[in-house]
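Residue numbers (our numbering): 7 to 254.
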């Protein structure tokens, strides 16, 4: 029986790698400024009548960076530990993968992928220039209508289990920075994986994103940068070394 499960696990590895099925915890780090060598001035969010929405992506995982005041104005209720900040970083995933400070065992990977498991929404506050705080991520910026804050705030509220006071129930510190992990009422399983929550959040903000292409980080990048969505890349990790920096 165990040999059969092991074979299933080996077959699942390519799918796991292609679909960003899990957020593997990295070494905890403080949110701090990182000096950028490639630019004399830090990348600033462009001004526009609509509200900036930034998607971050590494090889597997995606998430969103949003204006906290915008969300709160339309009814989003953050955990009280977050306080007042300019931006908040959201991502979603398997609870064990976020909480456990070591790599998942093969059996935990199988459980997360093929059986409904507990999930969390991670929220991390941020005030500084986004590429300086997240220099290892690919960053893409688009703009949502201000009114889209209502449906997006509603989506984020429904990603949270609430306590008796009506605020999100948090269970642990975030995987980096000074944020929190919010317990989610929704189950995690393939194909309902981390990037699909990003798909749903972007749809709530008014963007046109397909679910199947949203299984992978590269599929998300391909979709958000289509003309109908209008996202543009504002940062790439290699730009720190002066490689591929677009002309100003």
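C-beta atoms are modelled at their ideal positions from N, C-alpha and C, and glycine is treated no differently.
Note that the structure is predicted; figures quoted are calculated from it, not measured.
Simplified DSSP assignment, three categories, for residue 65: coil
Residue 194 versus residue 157 - alpha carbon distance: Taking the straight line from one Cα to the other gives about 22 Å.
Contact belief for residue 162 with residue 77 at Cβ below 8 Å, rounded distance in angstroms: 7 Å
Closest Cα partner of residue 187 within the set 139, 56, 238, 94: 94
Among 185, 203, 235, 153, nearest to residue 133 - alpha-carbon criterion: 185
Contact between the region 55-69 and the region 164-184 (3+ Cβ pairs under 8 Å): no
Whether residue 225 touches residue 204 by CB criterion (8 Å): no
Residue of 211, 137, 177 minimising C-alpha distance to residue 160: 211
Contact the region 82-91 vs the region 145-152: 3+ CB pairs below 8 Å: no
Residues near residue 223 in its chain [Cβ-Cβ closer than 7 Å; skip 5 each side]: 26, 63, 64, 65, 66, 67, 68, 201
Same chain, Cβ closer than 7 Å to residue 85, five either side skipped, listed in chain order: 129, 173, 174, 176, 186, 188
Per-residue burial, residue 216 [other beta carbons within 10 Å of its own, 16 or more giving buried]: With fewer than 16 other Cβ atoms from the protein chains shown falling within 10 Å of its own Cβ, residue 216 counts as exposed.
Residue 176 - partner residues in DSSP beta bridges: 188
Where the alpha helix (DSSP H) through residue 203 begins and ends: 200-210
Environment of residue 142 [buried if 16+ CB atoms lie within 10 Å]: Exposed.
One or two residues paired with residue 130 in a DSSP bridge: 95
Helix, strand or coil at residue 100 [DSSP, three-state]: strand
CB-CB length for residue 72 against residue 59, believed under 8 Å: 6 Å
For residue 215, the three-state DSSP class (helix, strand or coil): coil
Residue 208 classed as buried or exposed, judged by whether at least 16 other C-beta atoms fall within 10 angstroms: buried
Cβ distance (whole Å) where residue 183 is taken to contact residue 79 below 8 Å: Actually they do not touch by this definition, with Cβ atoms about 23 Å apart.
Residues near residue 238 in its chain [Cβ-Cβ closer than 8 Å; skip 5 each side]: 146, 147, 148, 231
Beta-carbon spacing of residue 124, residue 87 below 8 Å: no
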